[in-house]
Amino acid sequence: MIRKRTRQVIYAGIVGAGIVGVAFAGYAIHASSQLEQMRISIAKQYEDEISALKQASGAVVTGWTLSREIPAGERITRQDLASIDLPVNSVPGDWLKASEDIIGKAAKITVAPNTLLTGSLLFEEGAVSDDLRYREMGFIQLPGELEQKDVVDIRIQFPTGQDYILLSKKRVESLAPGVVTSTLNEEEILLLSSGIVDAYLHKASIYALKYVEPYLQREAIPTYPPSDAVLQVIRKDPNIIDMAEHALTASIRAGLEGDLALVTSQRAAEFMSQKSSSTSVRTSQERSDSFVLDAGK
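Residue numbers (UniProt numbering): 1 to 297.
Next comes the structure, spelled out in structure tokens:
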């Protein structure tokens with residue numbers, strides 16, 4: 001009897017162990033299946049992200065560059081433009097998509113060829129007013145290193161030390177010895193005329209100061225206040241403007257003649273000798289550079 005019960009217990013234990021084993025195996029299979037599905041899902045997510053990154057890095061946009069160097073202040077024409085394809089993640093936010101947004105605008109600074117054009121590099125000049133005229137001025141004391149296309153303020157200084165801005169941010173359209181040409185509107189022409197007569201009557205001087213970065217710097221505000229007395233003199237005798245202009249020009253020339261008179265023949269010869277020596281050294285250096293380039297070929 002005991003043996004039979006023992007056998008039953010053993011059988012029951014075996015059956016129970018089998019059930020537990022089957023349950024554990026089922027759980028293990030289910031858990032393994034879930035882990036596999038999770039692994040597949042994560043792998044697919046990574047693959048999608050990698051694919052998206054590859055597509056983004058491979059995407060290109062078309063921008064615009066220059067086919068030649070454009071000096072500061074010069075307008076850009078259609079012939080100056082060349083298209084370029086660049087990765088989308090390498091272009092700045094203000095890159096210009098359409099050529100119509102570029103043509104007719106001017107460069108703020110000198111822009112080299114193959115430079116991607118952006119909004120921060122360009123500016124748009126105002127429309128030409130109907131009263132704009134060219135004005136030659138030979139009565140202004142000019143900076144020594146003034147060149148065509150430079151931008152200047154024209155100022156007036158009185159013997160008392162008072163100094164005012166007559167004209168602001170005027171571009172040198174053309175330059176001859178002692179004579180500068182710029183464009184003025186009607187208001188500026190009248191203001192300049194008043195300044196010329198004022199300088200003539202009160203022994204003041206009219207001079208120019210050059211901007212460092214004219215297309216990046218703000219325009220100065222004219223501060224010269226034309227006096228009623230000067231305006232009355234102009235009304236009474238309009239010819240006084242020409243007279244004053246000639247007097248100022250003669251004064252500048254007299255100052256130049258005085259400076260030249262102080263230069264002795266010996267100093268003049270030394271200057272010419274130094275200039276000739278400098279030219280010779282520069283020519284020799286250019287030849288040496290040319291030889292090095294040829295040798296490199």
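Here a beta-carbon is modelled for each residue, glycine too, at the ideal position from N, C-alpha and C. Quick caveat, the model's predicted, so the values are computed rather than measured.
Original post:
Could you give the C-beta distance for residue 196 and residue 245, rounded to a whole number, given that I count them as a contact under 8 Å?
Top reply: Mapped onto the sequence shown, residue 196 falls at position 196. Mapped onto the sequence shown, residue 245 falls at position 245. Rounded, the Cβ-Cβ distance is 5 Å, consistent with contact.
Original post:
Counting along the chain, where does the beta strand (DSSP E) carrying residue 187 start and finish?
Top reply: Locating residue 187 in the sequence shown gives position 187, where the first residue counts as 1. Not the beta strand (DSSP E): residue 187 falls in the alpha helix (DSSP H), residues 186-202.
**OP:** Output yes or no for whether 9 Å exceeds the beta carbon distance between residue 101 and residue 73.
**Re:** Along the sequence shown, one-based indexing puts residue 101 at 101. Along the sequence shown, one-based indexing puts residue 73 at 73. Result no, Cβ atoms of residue 101 and residue 73 do not sit closer than 9 Å.
Original post:
Hey, quick one: how far does the beta strand (DSSP E) through residue 171 stretch, first residue to last?
Top reply: As a working mapping, residue 171 is identified with position 171 in the sequence shown. Here the beta strand (DSSP E) through residue 171 covers 163-171.
Original post:
Considering only C-alpha positions, which residue in the set 199, 136, 193 and 147 is nearest to residue 183?
Top reply: Indexing the sequence shown from 1 puts residue 183 at position 183. Per the Cα distances, 136.
**OP:** Kindly confirm or deny that the segment 158-174 and the segment 231-248 touch, where touching means at least three C-beta pairs closer than 8 Å.
**Re:** no
Original post:
In or out: residue 112 buried (at least 16 other Cβ within 10 Å) or exposed?
Top reply: As a working mapping, residue 112 is identified with position 112 in the sequence shown. Burial call: exposed.
**OP:** Specify the secondary structure class of residue 72 as computed by DSSP and reduced to three states.
**Re:** Numbered from 1 along the sequence shown, position 72 holds the residue referred to as residue 72. The answer is coil: DSSP assigns residue 72 none of H, G, I, E or B.
Original post:
Quick one, which of 139, 149 and 177 has its alpha-carbon nearest residue 193's?
Top reply: The residue labelled residue 193 in the question sits at position 193 within the sequence shown. Of the listed residues, the one whose Cα sits closest to residue 193 is 139.
Original post:
How would you label residue 233, buried or exposed, when you count the other beta carbons within 10 angstroms and need 16 or more for buried?
Top reply: Taking the sequence shown and counting its residues from 1, one reaches residue 233 at position 233. By the 10 Å Cβ count, residue 233 comes out buried.
Original post:
What do you get for residue 159, buried or exposed, if any count of 16 or more other CB atoms within 10 angstroms of its CB means buried?
Top reply: Here residue 159 is taken as the residue at index 159 of the sequence shown, counted from 1. Burial call: exposed.
**OP:** Keeping to the same chain, check which residues put their C-beta closer than 8 Å to that of residue 37; ignore five residues upstream and five downstream.
**Re:** Numbered from 1 along the sequence shown, position 37 holds the residue referred to as residue 37. For residue 37, where only same-chain residues beyond five positions count, there are no Cβ hits under 8 Å.
Original post:
Does residue 219 get closer than 9 Å to chain B when you measure Cβ to Cβ?
Top reply: Of the protein chains in this structure there is only one, and it is not chain B.
Original post:
Is the CB-CB distance between residue 122 and residue 149 below 9 Å?
Top reply: The sequence position of residue 122 within the sequence shown is 122, counting from 1. The sequence position of residue 149 within the sequence shown is 149, counting from 1. Not a contact, by the Cβ cut-off of 9 Å.
Original post:
DSSP puts residue 65 in a beta bridge; with which residues?
Top reply: Working through the sequence shown from its first residue, we reach residue 65 at position 65. According to DSSP, which records beta bridges pairwise, residue 65 is partnered with 82.
Original post:
What first and last residue would you give for the beta strand (DSSP E) that runs through residue 108?
Top reply: Taking the sequence shown and counting its residues from 1, one reaches residue 108 at position 108. Looking at the DSSP string, residue 108 is not in any beta strand (DSSP E), and its letter there is neither H nor E.
Original post:
In whole angstroms, what is the alpha-carbon distance linking residue 236 and residue 68?
Top reply: Here the question's residue 236 lines up with position 236 in the sequence shown. Here the question's residue 68 lines up with position 68 in the sequence shown. Approximately 54 Å, taken between the alpha carbons.
**OP:** Express the C-alpha separation of residue 133 and residue 165 in angstroms, rounding to a whole number.
**Re:** Residue 165 sits at position 165 when you count from the first residue of the sequence shown. Residue 133 sits at position 133 when you count from the first residue of the sequence shown. The alpha-carbon atoms of residue 165 and residue 133 are separated by roughly 20 Å.
Original post:
For residue 47, which of helix, strand or coil comes out of DSSP?
Top reply: Start at 1 with the first residue of the sequence shown, and residue 47 comes out as number 47. Reduced to three states, the DSSP call for residue 47 is helix.
**OP:** Measure the CB-CB distance between residue 71 and residue 127 and report whether it falls below 9 Å.
**Re:** Residue mapping note: residue 71 aligns to position 71 of the sequence shown, counting from 1. Residue mapping note: residue 127 aligns to position 127 of the sequence shown, counting from 1. No, Cβ-Cβ distance for residue 71 and residue 127 is not below 9 Å.
Subject >> Where the alpha helix (DSSP H) containing residue 153 begins and where it ends >> reply: By 1-based counting over the sequence shown, the position of residue 153 is 153. Here residue 153 belongs to no alpha helix (DSSP H); instead the beta strand (DSSP E) covers 151-157.
**OP:** Kindly indicate which three-state DSSP category residue 210 falls into: helix, strand or coil?
**Re:** Here residue 210 refers to the residue found at position 210 when the sequence shown is read from its first residue. Residue 210 falls in the strand class under three-state DSSP.
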